[in-house]
Amino acid sequence: EDEDGGGMILRGGDKESSASAKEADGNKATLQDAAAADGAQAHEQSSSTTPPPQFQPAGAAAASASASAAGHVVRSELVALEVYEETYPGDLERSLNRASREALAGIRSRNFNAACKGFEKLAAEHKKGMKRKAPKGGGGGGGINESAHLAGIHVQNMAVCRLLSGATGGDAAAADAAERDSLALFLEAADLKRSSFGPTHPEVADTLVEIGIRRYAAEDTDGAFAALNEARRILSSSLRSDHPKVASVLNNKGCVHFQSGEGNVAALTCFEEAKDIQQRAMETGTGARGELDLLHVATTLCNVGYMKFRMKTYEEAGAIFEDALLVQQSVLGDNHQTIKDTLSNISLANAFHL
């Protein structure tokens, strides 16, 4: 989901790849449980129409995308990175090895090619470790293949950096190549995680969500649904069917339904189910992970409002946008561009209702 919570989030790309690289702006990458890179993001939404729905990523950060009034979703501006969680003695950065510091420096300086090379070195080291020793109990059994686990995380980070390098290069051909490379890397990361945790672990599901969005970006709708459905099945069984991560998968399925032209009803059904799960989680505290969860809720609300607007139920759309606004204001403050966009959407819905 977009950290701004303003609409549908795509951790990936679009069908309009020739224009997407030029539109991507303000890239920002976040390391889970580690130092975060600086960055900014830009939303450009027409004041004469509500934004199309947005995808929600599986990780701790979001993938932000600009959206045109025509409803095209462009390449992501913000993608989450994974970093293996470990307790380091003393200062974290001084404890990191050289390749880790190179990757972190690349993220901070927005030199995503350099960051990718750093993660590639880390992945290669852990792949060597996979060959030297087997896991105790095997993946999914009595133990975890630590080397495969770490290799999978670093390969996924490579995929993220590859995407970001394509989005910031301003070259459509390079962006398309980055899309293809990132999909291959996400697939490899999923295989490594399966060998470490077994096929039904939430870590595998997180990567499947990324694969689903990348499949959709490659105009492979069936592949996108297959990956997202598998992710939902894994999360429902390993966590629970009403876990906030399941809601994010449902939101993403709604986006694919909408963007593939399969009709408003299927998309709205997914968005509303996601909204119900997220709101219950926030009410009970089971989904509280700070501001990002609130923004997930706001994004899903905006997606529901957008679909209601398209269905010409303007009064309902306006009320839902107002609910989203309250959530956004609690996190972002009154001067954020997302707040202005949602206020514009409320005014538009009210104007049509009158």
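Just so we're on the same page, the working numbering is the position in the sequence shown counted from 1, plus 225.
Ideal Cβ placement from N, Cα and C applies to all residues, glycine included.
- DSSP places L464 in the coil class of the three-state scheme, outside both helix and strand.
- Using a Cβ distance threshold of 8 Å, A403 and L388 count as a contacting pair.
- Here A523 has G230, A549, V552 and Q553 as same chain residues with Cβ atoms under 7 Å from its own Cβ, once five neighbours each way along the sequence are excluded.
- In this structure, DSSP gives D447 a helical state, which the three-state scheme calls helix.
- Counting along the chain, the unbroken alpha helix (DSSP H) around D416 starts and ends at A397 to F422.
- Cα atoms of P427 and T393: separation of roughly 30 Å, rounded to the nearest angstrom.
- As the crow flies, the alpha-carbon of G377 is around 4 Å from that of A414.
- Sequence-distant Cβ neighbours of A542 in its own chain, meaning closer than 7 Å and more than five residues away, are G530, K533, F534 and A574.
- Between A430 and R440, the C-beta spacing is not below 8 Å.
- Counting every other CB atom within 10 Å of its CB across the protein chains shown gives M355 a total of 16 or more, marking it as buried.
- By the Cβ criterion, the region 480 to 489 is not in contact with the region 458 to 468, since fewer than three pairs of Cβ atoms, one from each stretch, lie closer than 8 Å.
- One alpha carbon belongs to V380, the other to L453, and they sit about 20 Å apart.
- By the neighbour-count criterion, in which a residue is buried when 16 or more other Cβ atoms sit within 10 angstroms of its Cβ, K418 is buried.
- Measuring C-alpha to C-alpha distances from E547 to each of K537, N528 and M536 identifies N528 as the nearest.
- Nearest in C-alpha terms to S572, of all of Y539, L557 and G437, is Y539.
- In the displayed model, K537 falls within coil according to three-state DSSP, outside both helix and strand.
- As the crow flies, the alpha-carbon of E498 is around 41 Å from that of A339.
- Look at N560 here: in three-state DSSP terms it is coil, with no helix or strand label.
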